[in-house]
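Note sheet for the following structure.
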């Protein structure tokens, strides 16, 4: 791999993951002549084959040895050409924030202190912050007893990442992604102990909000002040019940901005954040679901809509906040084609009691129309086709397994 680069010596370190966010960062910054260094334990990560990837570095998976992963990032931060490190998943922001002082010796740190981060990764503290900020949220409590069976509930992990800062029995090297959100039936068959054992900690039980209106509020903050924002509405997720975004459209809703800013202001935020909301069908309120304190998987669409957050992040990380000129185009849509296939698979195979399932013909018609009307794609690019091919091959391999 060429280490001279197209744009001199300035480099950025981007963790390589399966989500499209890595490729979005590499394309955005690489097109501006900034050298991109992709770090991953997985040689099949799509960003490795991007034409805008200047250097590849193999590192231990943070889920196998978090401290060793941190050491690799620190060794890259020490290089004189490296001027920024980008967080694209929970282990990235966890390790950058936990060891913030180490990284601060070599690069700027446009991410929160660990005390601030923990108010988002610990959802008990997050919903406390929402209450203080006057932001609506579903009824949420620790899952220590079976909730009212006359109402509908979901169970979700208390923590968005399981590590030694949150669970005292964990060693510093250990880092685990908690299980996904689960739907409780009106007469749950499993005990609270069963769920606790499966999730390895006491999870949360949360009132189920019956709505198909999922929204994201995205922001980059500088020491408590917003410098760029963006909004989208999710039209389809990986599952017909929701989940990560397969198709979404850009929106500009004052009430959504008000709720997102109120929460991040309360947190005195610094760095990147995606705030997820559901819009209550009955009240019209935006109800908080969670905060992702790093780049989000639908990042390519944000960039396509005009909100170039990777470049904004680079400018902030290099002391050039005054050059951030943020705007975006509402009313356009974009797809993750793999996500659309997963959506169809969920319609074909899943049965989720709390969510009405569309027919396969309805699902196919909706996807077909949106592909024609809004032909924007997270991976697919004429300018840089290889990441799409790599992601497609990875998806086929996963299905065969």
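In my numbering, the protein residues as written are 7 to 407.
Ideal Cβ placement from N, Cα and C applies to all residues, glycine included.
Across which residues does DSSP place residue i in a beta bridge pair?
i, result
"residue 280", "224 and 298"
"residue 90", "18"
"residue 399", "Answer by DSSP bridge pairing: none, since residue 399 is not bridged."
"residue 133", "Beta-bridge pairing links residue 133 to no other residue."
"residue 76", "Per DSSP, none; premise fails for residue 76."
"residue 292", "285"
"residue 165", "128"
For the beta strand (DSSP E) containing residue i, name the first residue and the last one.
i, result
"residue 248", "248–256"
"residue 61", "61–64"
"residue 243", "231–245"
"residue 146", "146–148"
"residue 189", "188–190"
"residue 212", "210–213"
"residue 340", "339–341"
"residue 151", "Taken as a continuous stretch (DSSP letters only), residue 151 belongs to no beta strand (DSSP E), as it is neither H nor E."
"residue 41", "41–46"
Are residue i and residue j close, meaning C-beta to C-beta below 8 Å?
i, j, result
"residue 341", "residue 388", "no"
"residue 416", "residue 27", "Because the chain here runs from 7 to 407, residue 416 falls outside it and cannot be looked at."
"residue 25", "residue 94", "yes"
"residue 270", "residue 283", "no"
"residue 352", "residue 189", "no"
"residue 150", "residue 198", "yes"
"residue 332", "residue 181", "no"
"residue 208", "residue 148", "yes"
"residue 338", "residue 311", "yes"
"residue 184", "residue 214", "no"
"residue 411", "residue 299", "What is shown of the chain runs 7 to 407, which leaves residue 411 out entirely."
"residue 115", "residue 212", "no"
"residue 358", "residue 268", "no"
"residue 257", "residue 285", "no"
Ordered along the chain, which non-local residues of its own chain (more than five positions away) have a Cβ less than 6 Å from that of residue i?
i, result
"residue 48", "none"
"residue 57", "390"
"residue 230", "274"
"residue 23", "94 and 95"
"residue 296", "282"
"residue 67", "47"
"residue 97", "68 and 181"
Under DSSP, the alpha helix (DSSP H) around residue i begins and ends at which residues?
i, result
"residue 275", "From DSSP, residue 275 is part of no alpha helix (DSSP H); its letter is neither H nor E."
"residue 373", "366–379"
"residue 106", "106–110"
"residue 159", "Where residue 159 is concerned, there is no enclosing alpha helix (DSSP H), although the beta strand (DSSP E) it sits in stretches over 159–162."
"residue 4", "An answer regarding residue 4 cannot be provided, because it is not within the stretch 7 to 407 covered by the chain."
"residue 32", "27–36"
Within a Cβ cutoff of 7 Å, which residues of the same chain sit near residue i, ignoring the five residues on either side of it in sequence?
i, result
"residue 32", "20, 42, 44, 53, 56, 58 and 59"
"residue 327", "228, 233 and 321"
"residue 108", "80"
"residue 253", "241, 242, 339, 341, 346 and 376"
Tell me which same chain residues have a C-beta within less than 8 Å of the C-beta of residue i, skipping the five on either side of it?
i, result
"residue 350", "366, 369, 370 and 373"
"residue 193", "Any reading at residue 193 must be qualified, since the residue scores a pLDDT of 45, below 50, and its modelled position is unreliable; no value is offered."
"residue 316", "30, 31, 34, 35, 92, 301, 305 and 309"
Consider the Cβ of residue i: report whether some Cβ of chain D lies at a distance smaller than 8 Å.
i, result
"residue 319", "This model lacks chain D altogether; it includes just one protein chain."
(request) Would you check if the segment 233–242 and the segment 210–224 touch, i.e. whether three or more CB-CB distances between them fall below 8 Å? (result) yes
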